[in-house]
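J.: Numbered per my numbering, the sequence shown spans residues 43 to 183. Glycine is no exception: its CB is placed at the ideal position from the N, C-alpha and C atoms. Pasting a structure here, questions to come.
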Amino acid sequence: MHAAFTASRCSFRILVVEDNAINQKVIGIILREAGFKVDVASHRDQAVKVQRSEPYDLILMDLQMPVMDGWEATRRIRELPQPQPVIVAVTADVVDQVREECLKAGMDDYLSKPFTRDQLLAIVRSVQKGREGADRVLKAS
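If you want it as structure tokens, here you go:
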């Protein structure tokens, strides 16, 4: 059972879109130690390009970065053909208005900074469970 769970985590692809090198490293370490495949994009334009060529299951999207903000990047990713990733905003902005803007832009959830290792892994595992459940339903159809 452990081997199956590990294989499942390894096939679940995560893109971390973050311009801060320390945040990139910390998030990457936490997720890789938990057995997930993680790639990093330093800005949103890069994220849109990578999602176009290598679809991810989950994108952790910082909102405030150079080149293109997280809202615009999300809108552009949502215009791409299927498969669509789950996009979770990761931001220090904790006001309700920002959360609402994220959802309007097409993001699926919101994680506020600073967050704990457990909070990050809980949201990632929740998304993964939802994806695996959807895959089982599609295969059964």
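Give me, in chain order, the residues of the same chain whose beta-carbon lies closer than 7 Å to that of GLN66; leave out the 5 immediate sequence neighbours on both sides.
T.: In the sequence shown, counting from the first residue as 1, residue 66 sits at position 24. So the list reads VAL58, GLU60, VAL82, once near-sequence residues are dropped.
J.: Can you confirm whether VAL140, when its beta carbon is compared against all beta carbons of chain B, has any partner nearer than 8 Å?
T.: Of the chains in the structure shown, none is chain B; there is only one protein chain.
J.: When you compare the region 158-167 with the region 67-78, are there three or more beta-carbon pairs, one atom per stretch, that lie closer than 8 Å?
T.: Result yes; three or more Cβ-Cβ pairs closer than 8 Å.
J.: Since ASP135 contacts LEU102 with CB under 8 Å, what's their CB separation in whole angstroms?
T.: Within the sequence shown, residue 135 is the residue found at index 93, counting from 1. Within the sequence shown, residue 102 is the residue found at index 60, counting from 1. Going by Cβ atoms, the distance from ASP135 to LEU102 rounds to 15 Å, so no, they are not a contact pair.
J.: According to DSSP, is VAL136 part of a helix, a strand, or is it coil?
T.: What you label residue 136 is simply residue 94 of the sequence shown in a count that begins at 1. If DSSP states are grouped into helix, strand and coil, VAL136 belongs with coil.
J.: Do ASP99 and ARG173 have their CB atoms nearer than 8 Å?
T.: Here the question's residue 99 lines up with position 57 in the sequence shown. Here the question's residue 173 lines up with position 131 in the sequence shown. Yes, the pair counts as a contact, with Cβ atoms nearer than the cut-off.
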